[in-house]
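Residue numbers (the UniProt record's numbering): 1 to 230.
Just so you know, even glycine gets a beta-carbon here, dropped at the ideal spot from N, CA and C.
Here you go:
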């Protein structure tokens with residue numbers, strides 16, 4: 001068993017020992033919110049310039065298909081397609097519980113259909129546990145941890161149903177992680193092929209821009225008015 005030292009460094013390079021981690025719980029939470037995204041003031045961004053570059057728009061027929069009533073068979077398929085030992089959420093129920101106790105089908109179906117009808121989700125169902133997984137062998141800074149969201153089972157089923165309806169039309173073919181039979185590793189191999197031979201003098205001048213994804217996915221703002229149909 002490896003020994004673990006409960007020390008943590010904040011953005012200002014100040015160290016917190018295990019005793020300070022306990023006594024300054026609020027300060028530690030503020031550090032995590034600042035890095036992983038918390039309540040922030042929304043910045044107005046003009047996205048109109050992107051409209052001319054959008055290659056695909058959802059047709060009205062496709063939009064109507066996505067808002068059709070959710071059936072009980074669709075809910076059952078979504079539940080039974082989730083791996084049995086999937087990560088627990090705050091509700092404490094794994095998919096194997098629902099599969100073994102499917103006599104509660106009516107209650108589960110009504111709860112999920114209620115969300116799609118009214119568009120409202122109970123706070124208890126929408127609660128998510130965030131687990132910090134070390135990205136390096138000796139993590140010291142808060143940024144050395146990867147946040148993993150552990151959602152409740154009903155939330156997972158709702159998300160899976162929505163994704164299932166969108167995959168056939170909205171997901172682009174270059175998004176390999178969402179295409180059955182392909183892997184996100186394909187993108188890594190493609191990048192290696194593109195960068196091969198960059199150090200050869202006989203090739204014309206070229207450059208590569210490295211994008212800092214750490215800042216790219218911290219906070220998302222949902223703007224329904226940016227979604228339009230042709």
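A direct Cα-to-Cα measurement between residue 155 and residue 97 gives close to 15 Å. Residue range 145-151 is occupied by the beta strand (DSSP E) that includes residue 149, with no alpha helix (DSSP H) assigned at that position.
In the DSSP annotation of this structure, the continuous segment of the alpha helix (DSSP H) that includes residue 109 starts and ends at 105-118. The three-state secondary structure of residue 95, taken from DSSP, is helix.
When DSSP states are grouped into helix, strand and coil, residue 58 belongs to the strand group. For residue 79, the uninterrupted alpha helix (DSSP H) run begins and ends at 72-81, by DSSP. For residue 129, the uninterrupted beta strand (DSSP E) segment begins and ends at 128-134. Just so you know, the alpha carbons of residue 73 and residue 95 end up roughly 16 Å apart.
Residue 137 carries a coil assignment under DSSP once its states are collapsed to helix, strand and coil. Contact annotation: residue 82 and residue 157 have beta-carbon atoms nearer than 9 Å. In the structure shown, residue 167 adopts coil according to DSSP, grouped into three states. With contact defined as three or more Cβ pairs closer than 8 Å, the region 112-120 and the region 179-198 are not in contact. In this structure, the alpha-carbon of residue 85 lies about 34 Å from that of residue 64. Contact annotation, residue 75 with residue 161: C-beta distance approximately 7 Å; criterion of less than 8 Å satisfied.
Using a Cβ distance threshold of 9 Å, residue 147 and residue 170 do not count as a contacting pair. Distance between residue 127 and residue 145, taken at the CA atoms: about 21 Å. Of the residues assessed, residue 152 falls on the buried side of the cut-off, its CB having 16 or more other CB atoms within 10 angstroms.
Taking all protein chains in view, the Cβ of residue 112 is crowded by 16 or more other Cβ atoms within 10 Å, so the residue is classified as buried.
Each of 106, 80, 109, 92 was checked against the Cα of residue 100, and the nearest Cα belongs to 80. Rounded to the nearest angstrom, the gap between the Cα atoms of residue 136 and residue 210 is 21 Å.
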